[in-house]
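Counting the sequence shown from 1 gives a position; our numbering is that position plus 189. Beta carbons are placed, not taken as given, at the ideal position from N, Cα and C, and that holds for glycine. None of the values given here were measured: they were computed from a predicted structure. Step one of this worksheet: look at the structure below.
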Amino acid sequence: MREYLLTLCITAAVTYLLTGPVRKFAIVAGAMPEIRARDVHREPTPRLGGIAMFFGLCAGLLVADHLTNLNTLFEKSNEPRALLSGAALIWLIGVLDDKFEIDALIKLGGQMIAAGVMVMQGLTILWLPIPGVGSVALTQWQGTLLTVALVVITINAVNFVDGLDGLAAGMVCIAAAAFFLYAYRIWYSYGIEAAAPATLFAAILMGMCLGFLPHNMHPARIFMGDSGSMLIGLVLAAGAISVTGQVDPDALKLFAGSEKEAVHQTVPVYIPLLLPLTIIAVPAADLILAIVRRTWRGQSPFAADRGHLHHRLLEIGHSHSRAVLIMYFWSALIAFGALTYSVNSASMWIVLSVVILSTIGLVLLLLPRFTPRAPRWAEAFVPPRYRRGSAAEADVPETAGTAAEADAQAVEGLREDAAGDRMPVAAGVSGVNGASAVGSRARLADRSRSR
Numbered sequence: 190m191r192e193y194l195l196t197l198c199i200t201a202a203v204t205y206l207l208t209g210p211v212r213k214f215a216i217v218a219g220a221m222p223e224i225r226a227r228d229v230h231r232e233p234t235p236r237l238g239g240i241a242m243f244f245g246l247c248a249g250l251l252v253a254d255h256l257t258n259l260n261t262l263f264e265k266s267n268e269p270r271a272l273l274s275g276a277a278l279i280w281l282i283g284v285l286d287d288k289f290e291i292d293a294l295i296k297l298g299g300q301m302i303a304a305g306v307m308v309m310q311g312l313t314i315l316w317l318p319i320p321g322v323g324s325v326a327l328t329q330w331q332g333t334l335l336t337v338a339l340v341v342i343t344i345n346a347v348n349f350v351d352g353l354d355g356l357a358a359g360m361v362c363i364a365a366a367a368f369f370l371y372a373y374r375i376w377y378s379y380g381i382e383a384a385a386p387a388t389l390f391a392a393i394l395m396g397m398c399l400g401f402l403p404h405n406m407h408p409a410r411i412f413m414g415d416s417g418s419m420l421i422g423l424v425l426a427a428g429a430i431s432v433t434g435q436v437d438p439d440a441l442k443l444f445a446g447s448e449k450e451a452v453h454q455t456v457p458v459y460i461p462l463l464l465p466l467t468i469i470a471v472p473a474a475d476l477i478l479a480i481v482r483r484t485w486r487g488q489s490p491f492a493a494d495r496g497h498l499h500h501r502l503l504e505i506g507h508s509h510s511r512a513v514l515i516m517y518f519w520s521a522l523i524a525f526g527a528l529t530y531s532v533n534s535a536s537m538w539i540v541l542s543v544v545i546l547s548t549i550g551l552v553l554l555l556l557p558r559f560t561p562r563a564p565r566w567a568e569a570f571v572p573p574r575y576r577r578g579s580a581a582e583a584d585v586p587e588t589a590g591t592a593a594e595a596d597a598q599a600v601e602g603l604r605e606d607a608a609g610d611r612m613p614v615a616a617g618v619s620g621v622n623g624a625s626a627v628g629s630r631a632r633l634a635d636r637s638r639s640r
C-alpha cells in the first residue's frame with residue numbers, strides 16, 4: 190500500500206507543479222478559445238491542462254518502475270507500456286483539438302486507434318465472467334471489438350461531462366478511488382498478481398485528478414481540455430479492462446464449489462468493472478441522453494449544446510459549486526455503493542443506506558433556492574453569501590428598476606446584444622467575479638437562442 194500511495198503522491202505533485210507553467214504556455218500559444226454559447230464561464234480560460242496530467246502519468250509510471258514491489262509488475266506484464274502508448278496517442282490528439290478544434294470524426298478515429306494500440310500490446314479482454322454461466326473465453330476479434338468499444342464509450346462519457354469547473358476531474362477521481370479499493374482487495378487479499386496493473390492505474394489516475402483539481406476548481410484558472418478529459422477516460426477504461434478481462438474469477442476461490450458459483454459471488458462488482466459506464470453512471474447517463482437528444486433533433490451526436498445534466502442543474506437555480514457537489518454526490522453514491530455491495534451483498538443495511546442517501550440526493554435536487562446559513566458565531570469564518578446579513582442588507586439603498594436589472598445581468602455574467610444573442614460580460618464588471626455562471630429561471634428561454 191505504501192508504494193501505491195507514494196506513486197499517487199508523486200503523480201499528484203508533478204501534475205500540480207506543472208499545471209502553472211502549462212497555463213502560461215497555453216496563454217502564449219493562444220489556446221484560449223472565445224466563449225461560446227454553450228459555455229458557462231465568463232472569461233476566456235486557457236486549456237491544455239492535459240499536458241500536466243500526461244506528464245504526471247509518466248512520472249507515476251517511472252516511479253513505480255523503480256520501486257521494489259512494483260518493479261516486478263513491469264517485468265511480468267506489458268500492460269503499463271500498453272497504457273503509456275495509448276495514452277500518448279490520445280493525449281496528442283487532444284492537444285491538437287484544444288489548439289486547432291479538429292473534426293469530431295477524426296477524434297473518434299484517433300480514440301479507436303489508441304484503443305487498438307493497447308490491444309496490440311496485450312491490454313485486452315480475454316474472457317467475460319457471466320452469472321450462471323462462468324467465464325466465457327472470447328476470440329481475438331471479439332475481445333478486440335469489445336475492448337475498443339469500452340475505451341471509446343468511456344472516453345466520450347468523461348469528455349461529455351467536462352462542462353463545469355472541477356466536475357470531470359472530481360467525478361473521475363471518485364470513480365478511481367472506488368476502483369482502487371476493489372482492485373487492491375483482489376491483489377492483496379486474494380494474492381492475484383493479475384490485478385496489480387489495475388491497482389497501479391487507479392492510483393496514478395487519482396494522483397492526476399487530485400493534482401489538477403486545485404487549479405480547476407471554480408473559478409477555474411485552466412481547463413483540462415480534450416487532452417485531459419480523453420486521457421483520464423482512457424486510463425479509467427484501461428484499468429477496468431485489465432482487472433475485468435484478465436483476472437480469472439475462479440482464482441478468487443470464494444467457494445469450494447464450481448466456477449459458476451464463484452462468478453455468481455463476484456458479479457456485484459464484476460458487472461460495474463465490466464461496464465465502466467456503471468461505475469461512472471452519471472456521465473454515462475449524460476452521454477446517452479445527449480446522443481438521443483441530438484439525433485432526435487436531426488443533429489450530429491457530437492454537436493455541442495447546452496442540454497447536459499450540469500447545464501440543467503444550473504438552469505433550475507443551482508449555483509456552479511452546488512451543481513458540481515451534487516454531481517459528486519451521485520457519483521460517489523453509485524461507485525461506493527457498488528463497491529460496498531460487492532464486499533457484502535447479503536447485508537440489507539447497505540441497500541437501506543443507498544436508498545436513504547438517494548432520497549437525500551433527490552431532496553437536494555429539488556431545493557435549488559436553498560442557501561445554507563452559518564450560525565452567528567461562525568459568520569466571520571465563512572463567505573458573505575453564507576451569512577445571515579440582515580444588517581448588511583438593510584444598508585443597501587434602493588435603486589431604480591433599470592439599475593437593478595443591470596446588476597442582475599452582471600451577476601448572471603451574461604448580456605444580450607441588440608440582436609438578442611447572449612454575449613459574455615467583460616472582465617471587471619461589478620458583480621461578475623464570484624457569481625454563479627447561470628442565473629435565475631428567467632434565462633430558460635435563452636436556450637432556444639443559444640442552439
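Give me the DSSP bridge partner(s) of residue i.
i: LEU317; result: VAL325
How many whole angstroms separate the CB atoms of residue i and residue j, which I take to be in contact at a CB cut-off of 8 Å?
i: ASP254; j: PHE349; result: At roughly 33 Å, the Cβ-Cβ gap does not stay under 8 Å, so ASP254 and PHE349 are not in contact.
i: GLU268; j: SER431; result: 6 Å
i: GLY239; j: LEU353; result: Going by Cβ atoms, the distance from GLY239 to LEU353 rounds to 17 Å, so no, they are not a contact pair.
i: LEU278; j: VAL306; result: 6 Å
i: THR208; j: ALA241; result: 4 Å
i: LEU206; j: ALA392; result: So it is not a contact: roughly 19 Å between Cβ atoms.
i: LEU546; j: LEU370; result: Between LEU370 and LEU546 the Cβ distance is about 18 Å, and since that is not below 8 Å, they are no contact.
i: VAL543; j: LEU522; result: 7 Å
i: PHE383; j: ALA372; result: Contrary to the premise, residue 383 reads as Ala rather than Phe in this sequence. With a Cβ gap of about 10 Å, ALA383 and ALA372 do not count as contacting.
i: VAL347; j: VAL308; result: Not a contact, Cβ separation roughly 20 Å.
i: PHE244; j: VAL203; result: 6 Å
i: LEU399; j: ALA201; result: 5 Å
i: TRP280; j: SER416; result: 6 Å
i: ARG236; j: ASP287; result: 4 Å
i: ALA271; j: GLY299; result: In fact, because the Cβ distance is near 17 Å, the residues do not count as touching under 8 Å.
What separation, rounded to the nearest whole angstrom, lies between the Cα atoms of residue i and residue j?
i: VAL481; j: ALA276; result: 29 Å
i: ILE282; j: LEU195; result: 30 Å
i: TRP330; j: LYS213; result: 45 Å
i: SER378; j: ASN260; result: 20 Å
i: LEU250; j: MET397; result: 12 Å
i: LEU553; j: PHE525; result: 19 Å
i: THR343; j: ALA429; result: 10 Å
i: ARG191; j: LEU339; result: 31 Å
i: VAL325; j: THR333; result: 15 Å
i: ILE295; j: LEU285; result: 11 Å
i: VAL513; j: VAL361; result: 13 Å
i: MET341; j: LEU297; result: Correcting the residue type first, residue 341 is Val in the shown sequence and not Met. Going from the Cα of VAL341 to the Cα of LEU297 covers about 8 Å.
i: GLU290; j: ALA567; result: 47 Å
i: SER266; j: LEU503; result: 45 Å
i: LEU425; j: LEU394; result: 7 Å
i: ARG483; j: MET221; result: 27 Å
Between residue i and chain C, is any beta-carbon pair separated by less than 9 Å?
i: TYR193; result: The chain labelled as chain C is not found in the depicted structure, where only one protein chain is given.
Return the first residue and the last residue of the alpha helix (DSSP H) that residue i is part of.
i: SER274; result: 268 to 289
i: ASP254; result: 239 to 254
i: ALA196; result: As written in the sequence, residue 196 is Thr, which differs from the Ala given in the question. First-last of the alpha helix (DSSP H) with THR196: 191 to 218.
i: PRO403; result: 385 to 405
i: THR234; result: Looking at the DSSP string, THR234 is not in any alpha helix (DSSP H), and its letter there is neither H nor E.
i: GLY299; result: 293 to 309
i: MET221; result: Run containing MET221: none; DSSP gives neither H nor E here.
i: LEU262; result: 257 to 265
i: LEU541; result: 537 to 554
i: TYR377; result: From DSSP, TYR377 is part of no alpha helix (DSSP H); its letter is neither H nor E.
| message | For the pair the stretch 303 to 320 and the stretch 393 to 406, tell me if three or more CB-CB distances fall below 8 Å. | response | no
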